[in-house]
Amino acid sequence: MNPPARERPVETVRGRHGLIPYAQKSSVTATAWMDTLWDPTARLLRAPASQAPHTHMVRETIWYAVGLLTRGGTSDGARAVVAIEGVLAHQFTLPGHVAHGSWRRRPDEPDPAPDAADHAHDWCFAPCFALLAITPPAGVTARLTVFSGCRHVATTVTTAPRRVATSWIGERHLIGAQDSGGSLERWDDQYCPVAVHWQTPGTPHGVHWLRAAPGTPVDAAVDEEGTLRLTHYAHRNGEPLRFVVHAPQSAPQSAPDDVTAGHWRLPGLTVRVESAAGFDAVVSRSGDLLHIAYAPHEGAAEFLLRFTPV
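FYI, my numbering numbers position 70 of the sequence shown as 70, with every residue one higher than the one before it.
Given below as structure tokens:
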């Protein structure tokens with residue numbers, strides 16, 4: 001006898017390479033995106049514009065090779081071999097060093113310090129993750145596929161120094177933030193204390209995003225109402241409060257003129273910016289990215305960002 005519908009296990013029909021449908025889709029989608037970054041001359045993936053001035057990515061290229069071999073298209077095998085050879089050319093040969101046998105993140109990266117560590121581009125890792133073929137419990141899958149109300153989560157990452165990650169999930173937009181309590185001394189290109197993703201109905205682009213630009217000295221927390229609270233430490237490195245917004249030019253309402261210091265009118269989303277300190281914004285575009293920068297103030301400056309899907 002079949003169990004009642006509510007108790008039936010999650011669908012586990014597996015396709016190519018034994019992948020269940022959602023894993024197969026994740027791998028195929030990520031690999032297709034990485035196709036657009038492939039540089040046959042360098043034998044590596046190009047770095048997205050948001051990572052400028054870096055030009056190429058090494059470790060992400062090996063994950064691309066996994067995606068190619070999983071997809072198994074006519075020329076995918078040959079390209080995977082070229083990609084693997086490209087990655088091998090950037091392996092560290094440092095006998096006795098903790099990094100011996102690992103790889104540079106970028107072709108121009110110098111030899112690492114003993115404590116070098118980093119996080120790589122998660123999206124490029126999707127084909128590898130898909131191969132794990134993990135099937136979530138039915139109750140978990142239901143909560144991930146059907147919106148049942150806004151959610152707020154706060155997690156203490158470390159206690160000394162104190163670092164707290166917060167997130168807010170709405171029906172059409174997601175907010176992630178991290179607050180280090182002013183303890184950080186450097187903000188590298190892999191540290192992202194602010195990230196927002198939202199759906200853009202009626203456009204060919206599906207999902208847009210914005211983030212604090214790499215190197216921006218900022219702490220952030222999102223509250224239970226979905227308001228993002230920022231503390232900008234301009235005095236730490238002289239950097240302005242900078243944001244990068246993925247807003248393709250082919251999408252409606254995405255021109256730089258739609259962004260002012262206190263109001264961003266983006267495709268599918270409006271953002272209200274508030275601060276007790278006076279502020280001006282400089283807006284520019286490079287390709288599909290908008291760059292929004294607020295001039296630095298002395299000491300720490302507080303900002304509120306309020307989001308409304310449209």
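Where is the CB? At the ideal position from N, CA and C, for every residue including glycine.
Secondary structure at Val-283: strand, using DSSP grouped into helix, strand and coil. Contact check for Gly-181 against Arg-162 passes: the beta carbons are separated by less than 8 Å. Its Cα nearest to that of Ala-277, the residue Pro-296 stands out among Leu-266, Arg-265 and Pro-296. For Trp-33, there is no enclosing beta strand (DSSP E); the residue is part of the alpha helix (DSSP H) that begins and ends at 21-35.
Judged by their CB atoms, Leu-230 and Val-218 are nearer to each other than the 8 Å cut-off. Around Gly-101, the same chain offers no residue with a beta carbon nearer than 6 Å, after the five sequence neighbours per side are excluded. By the C-beta density criterion, Pro-240 is buried, having at least 16 other C-beta atoms within 10 angstroms. Between Leu-68 and Thr-31, the beta carbon gap of about 6 Å places them in contact (Cβ cut-off 8 Å). Runs of the alpha helix (DSSP H) lying entirely within the stretch 51-92, each at least 4 residues long, are 59-71 and 76-88 in chain order.
Bridge pairing for Ala-234: absent [DSSP]. When DSSP states are grouped into helix, strand and coil, Gly-139 belongs to the helix group. For Pro-48, DSSP records no beta bridge to any residue.
Sequence-distant Cβ neighbours of Gly-262 in its own chain, meaning closer than 6 Å and more than five residues away, are Val-273. For the pair Leu-44 and Met-34, the CB atoms are not nearer than the 8 Å cut-off.
The bridge partners DSSP lists for Gly-96 come to none. Only buried fits Val-58, as 16 or more other CB atoms lie within 10 angstroms of its CB. Here Ser-75 is exposed, its C-beta having fewer than 16 other C-beta atoms within 10 Å.
In the DSSP annotation of this structure, the continuous segment of the beta strand (DSSP E) that includes Ile-169 starts and ends at 162-169.
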